[in-house]
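A short write-up of the structure that comes next.
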Amino acid sequence: MKTTSKIILAIVAIAIIIGGVAGYIYLSQPAGEEETVILNGSGASFPYPLLDSMIAQYKQIKPNVQINYQAIGSGGGISALQSNLVDFAGSDAPLSVADRELAPNALHIPETIGAVTVPYNIPDIPTGLHLTGKVIADIFQGKITKWNDPAIQDLNTGIVMPANDIVVAHRSDGSGTTFIFTGYLSAVSTDWEQEIGQGKTVAWPIGIGGNGNTGVAGVVQGTEYSIGYVELAYALENAMTVAAIKNPAGNYISPTLETTTAAVESKASQGLPAGNADWGNVDVLNAPGAQAYPIVSFTYLLVYKELNVIPGMTQAKATALVQFLWWVIHDGQQLGPALEYAPLPSNVVQIDEVSIQSITFNGQTLSTS
Amino acid sequence: MNWRLSGDNLFKTIATILAASAGFILFITAYTLLTGSTPILQRFGLYFFTGTQWNPVPGREIFGALPYLLGTLVTSGIALLVGVPISIGIAIFLVEMAPRTLRVPISYLVELLAAVPSVIYGLWGLFILRFWILDYIEVPLSNYLGWIPAFSGTPFGLDVFTAGVILAIMIIPTVSSVSREVIQAVPDSIREGAYSIGATKWEVVRHWVLSYGRSGIFGAVILGLGRAVGETMAVTMVIGNAIGPAAIPTSFFKPSQTMSSLIANGFLEATPASLELPAYLGVGLILLLLGLSINVVAHVMVTRVLKIKGGAVE
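Chains as they are written, first to last, in the numbering used here: chain A, 36 to 404; chain B, 17 to 330.
Okay, structure coming up:
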């Protein structure tokens, strides 16, 4: 008797579980809804907060499209794209020549704009210290070692600079921020270009390395007379004291979303390559606009022009991907400012539109709406 | 009977496979690191072990791991110098002196230290401990002993010394709990004999208890060293992460970098299809070899001590 009742109990339990699961599946896929499409991406962590909120917002509009983005770093994203493991990748740096060969026909789609700020910690000196690119390069190379060096004092005539040693803080982890910053220093200082160069990690001759924006900010905020570099969103959110940097037009510009977008707008009006061309040499540093902040960079989504190279790609997936990208460069941009990301100017959106419209699946173009 | 026997055989086979898996995991780890780092070893050869430059910028690649090997050894050395006396002190207090009511709560507290994730130690080190060390230890040392090369340079609190202190705190639970077990295992007859010939508490601990448990305590220290050598996150946050020749730890007050923090810093964003990735794998290989040799040395020394002092308790 006991065994029989146990069996009955077990059958009832199983029936409840199966019924529950079936009901859940039935309810979560309302009748008449399209099949769920899953898109996977991975790469840069810099745009992750923006992409994440874009993905959440997009889910409201297209509930059947599930997008996953893993912020594993630009390098990891590029590898994943090259091995056809993901449908799209995020990267802070354009593909190098070697990487392009392993990812033939990958399109560069600028998705948002990053800027690098130069925060400092000098007691009693408020935000907006004037610096030039050359002076920043000399500081980070250890050629200017004191805050009252004539090279700095001459730029800040209204302030008496202290005679203290400068403490330099840099990123210790490989990062797109370092890539942009060292690219800028290479562009403005031949010494830097020849001795250090540009990279996600470089051979820093001096300074304290902090892990991540948090690490650098921790060093700068905790050490008097220090200077470092962090990305714009982090500096704005934490209200850091940042330098105003001289741009090619001769103005000292503080980093804001407006001066960042202005920089890209003025640079893009001089022309950008097509999405499928080589972007390796593209930079939006030192833009010519009067209100352009000089240390600015794109962050890219990388997608194959012909999507059938990715195993498991279907017409539905390809269409969903193209529609998502289209949404990212249009409506999705409105999510940027709240998260301290500068929106793309219209002339860059136009270049992106052409790139996205050129994406094909089995040779067929895909509908963007 | 037959069924039982075959079941026993099956159990034996499974147990053997499980035991072999330890060796297998070690083997594939070493194999992966070795094959992964072959390009770097072929390109730079001995320089990879003795060189000081580290530059992953395309076109300027050069990789020498010596500063990080030194950084690892120096920070672990500081950790042992600071952490071991504290740990053994805790162990002696708990076994020889603490009243019964204190013994259990204090042991729990010490072991709780081991449960704190290392990133928490790192954050605490970066935002709090760093300033204590800077204000109360480094600045006075630098003012009075700055003429000694080991204390030269302006201290900022993010350096070899702070990293060593964080490591010391992190090895305390391991070293003290193993030492406590060892000291507890010293037979009471030894203590009673010592007291009966008129030894003081200090003499009993110093001459009988510690010497009887020497090999076991040494084993505890090596366990701590193993933890210190491999610790990554907490060190990365406070060591200052200098790179290249700037990372050679010539002073306690200089930023440096350990092998594990170098890997943690660079590995994620290493450019694919470059020499950077093999370089990090090469550093991983050195770290593995260092870990293995520490353990081998420990094993050899412990067995030697055991032989000399026959009957000593592990």
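For every residue, glycine included, the Cβ atom is placed at its ideal position computed from N, Cα and C.
Just so we're clear, the structure is a prediction, and the values are computed from it rather than from any experiment.
Among residues of its own chain, excluding the 5 on either side of residue i, which ones have a beta-carbon nearer than 6 Å to its beta-carbon?
i: Gly168 of chain A; result: Val223
i: Gly99 of chain B; result: Ala184, Ile187, Ile188
For residue i, count neighbouring C-beta atoms within 10 Å of its own C-beta (all shown protein chains included) and say buried if the count is 16 or more, exposed if not.
i: Thr143 of chain B; result: Contrary to the premise, residue 143 of chain B reads as Phe rather than Thr in this sequence. The residue is exposed, with fewer than 16 neighbouring Cβ atoms inside 10 Å.
i: Phe43 of chain B; result: exposed
i: Ser134 of chain B; result: buried
i: Leu116 of chain A; result: buried
i: Phe81 of chain A; result: buried
i: Val4 of chain A; result: Residue 4 of chain A lies beyond the stretch modelled for chain A, which goes from 36 to 404, so this question has no answer here.
i: Gly67 of chain A; result: In this prediction, Gly67 of chain A scores a pLDDT of 48, lower than 50, which makes its location untrustworthy; the coordinate-derived value is nonetheless stated afterwards. So Gly67 of chain A counts as exposed.
i: Trp163 of chain B; result: exposed
i: Met113 of chain B; result: exposed
i: Ala133 of chain A; result: exposed
i: Gly326 of chain B; result: Here Gly326 of chain B scores only 49 on pLDDT, less than 50, and its place in the model is too uncertain to base an answer on.
i: Asn71 of chain B; result: buried
i: Arg222 of chain B; result: exposed
i: Pro265 of chain B; result: buried
i: Glu208 of chain B; result: exposed
i: Asp122 of chain A; result: buried
i: Trp182 of chain A; result: buried
Hey, could you find the ends of the alpha helix (DSSP H) residue i is sitting in?
i: Val100 of chain A; result: Looking at the DSSP string, Val100 of chain A is not in any alpha helix (DSSP H); the run it does join, the beta strand (DSSP E), is 100-105.
i: Leu296 of chain A; result: It is worth fixing the name first, because residue 296 of chain A is Thr in this sequence and not Leu. Element bounds for Thr296 of chain A: 292-303.
i: Pro129 of chain A; result: Counting along the chain, Pro129 of chain A falls outside any alpha helix (DSSP H), and DSSP gives it neither H nor E.
i: Ala222 of chain A; result: 211-223
i: Val338 of chain A; result: Here Val338 of chain A belongs to no alpha helix (DSSP H); instead the beta strand (DSSP E) covers 331-339.
i: Leu86 of chain B; result: 82-108
Determine the extent of the beta strand (DSSP E) in which residue i is found, giving its start and end residues.
i: Ile153 of chain B; result: Ile153 of chain B -> no beta strand (DSSP E), and no H or E assigned at all.
i: Leu142 of chain A; result: 141-152
i: Lys281 of chain A; result: 279-281
i: Arg76 of chain B; result: Careful: Arg76 of chain B lies outside any beta strand (DSSP E) and carries neither H nor E.
i: Ala204 of chain A; result: 202-206
i: Ser77 of chain A; result: 72-78
Excluding the 5 residues preceding and the 5 following residue i in the sequence, name in chain order all residues of the same chain whose CB lies nearer than 7 Å to its CB.
i: Gly141 of chain B; result: Thr178, Ile182, Ala250, Met253, Val254
i: Leu301 of chain B; result: Leu49, Leu50, Ser53
i: Gln105 of chain A; result: Ser77
i: Pro171 of chain B; result: Leu150, Glu154, Val155, Ser158, Phe269
i: Ser267 of chain B; result: Pro165, Ala166, Phe167, Ser168, Gly169
i: Thr236 of chain A; result: Gly209, Thr213
i: Val245 of chain B; result: Thr88, Ser92, Leu306, Gly307, Ile310
i: Leu137 of chain A; result: Gln117
i: Met348 of chain A; result: Leu342, Phe396
i: Thr403 of chain A; result: Val357, Gln358, Trp361, Ile391, Gln392
i: Val254 of chain A; result: Ala204, Ile243, Gly245, Ser261, Gly263
How about residue i: is its C-beta nearer than 8 Å to some C-beta of chain A?
i: Ala46 of chain B; result: no
i: Ala286 of chain B; result: yes
i: Ala31 of chain B; result: no
i: Arg59 of chain B; result: no
i: Gly282 of chain B; result: yes
i: Ala328 of chain B; result: Confidence at Ala328 of chain B is low in this model, with a pLDDT of 47, below 50, so the placement of that residue is unreliable and no value is reported for it.
Step through the CB atoms of chain B and report whether any lies within less than 8 Å of the CB of residue i.
i: Val28 of chain A; result: Outside the modelled stretch of chain A, which goes from 36 to 404, sits residue 28 of chain A, for which no answer is possible.
i: Ile107 of chain A; result: yes
i: Thr258 of chain A; result: yes
i: Val202 of chain A; result: yes
i: Gln233 of chain A; result: yes
i: Ser207 of chain A; result: yes
i: Ala66 of chain A; result: Confidence at Ala66 of chain A is low in this model, with a pLDDT of 48, below 50, so the placement of that residue is unreliable and no value is reported for it.
i: Gly285 of chain A; result: no
i: Val254 of chain A; result: yes
i: Ser210 of chain A; result: yes
If you measure from the CB of residue i, is any heavy atom of the ligand FAD nearer than 7 Å?
i: Asp159 of chain A; result: As far as ligands go, the structure on display features none, and thus does not contain the ligand FAD.
Might you give, ordered along the chain, the residues of its own chain that have their beta carbon closer than 8 Å to the beta carbon of residue i, omitting 5 neighbours on each side?
i: Glu266 of chain A; result: Phe81, Gly149, Ala150, Val151, Thr152, Thr212, Asn248
i: Gln69 of chain B; result: Ile78, Phe79, Gly80, Gly260, Pro261
i: Gly108 of chain A; result: Gly78, Ala79, Ser80, Gly209
*May I ask you to list, following chain order, the residues of the region 237-250 of chain A that have a beta carbon less than 8 Å from some beta carbon of chain B?*
Val237, Ala238, Trp239, Pro240, Ile241, Gly242, Ile243, Gly244, Gly245, Asn246, Gly250
*asked:* Using a Cβ-Cβ cutoff of 9 Å, what residues of the region 170-202 of chain B are near chain A? List them in chain order.
replied: Thr170, Phe172, Gly173, Leu174, Asp175
*Chain-ordered residues of the region 250-270 of chain B with a beta carbon less than 7 Å from chain A*: Thr252, Met253, Gly256, Asn257, Ala258, Ile259, Gly260, Ala262
*Can you list, in chain order, the residues of the region 130-159 of chain B whose Cβ is nearer than 8 Å to any Cβ on chain A?*
Leu142, Phe143, Arg146, Phe147
_Cβ-based contacts, 8 Å cut-off: residues of the region 108-140 of chain A near chain B_ = Gly108, Ser109, Gly110, Gly111, Ile113, Ser114, Gln117, Ser131, Ala133, Asp134, Leu137
*For the region 65-93 of chain B, which residues have a CB atom closer than 8 Å to at least one CB atom of chain A, in sequence order?*
Gln69, Trp70, Asn71, Pro72, Val73, Pro74, Gly75, Arg76
*In chain order, what residues of the region 230-249 of chain B put their CB closer than 7 Å to some CB of chain A?*
none
*Residues from the region 329-348 of chain A in contact with chain B, defined by Cβ distance under 8 Å*: none
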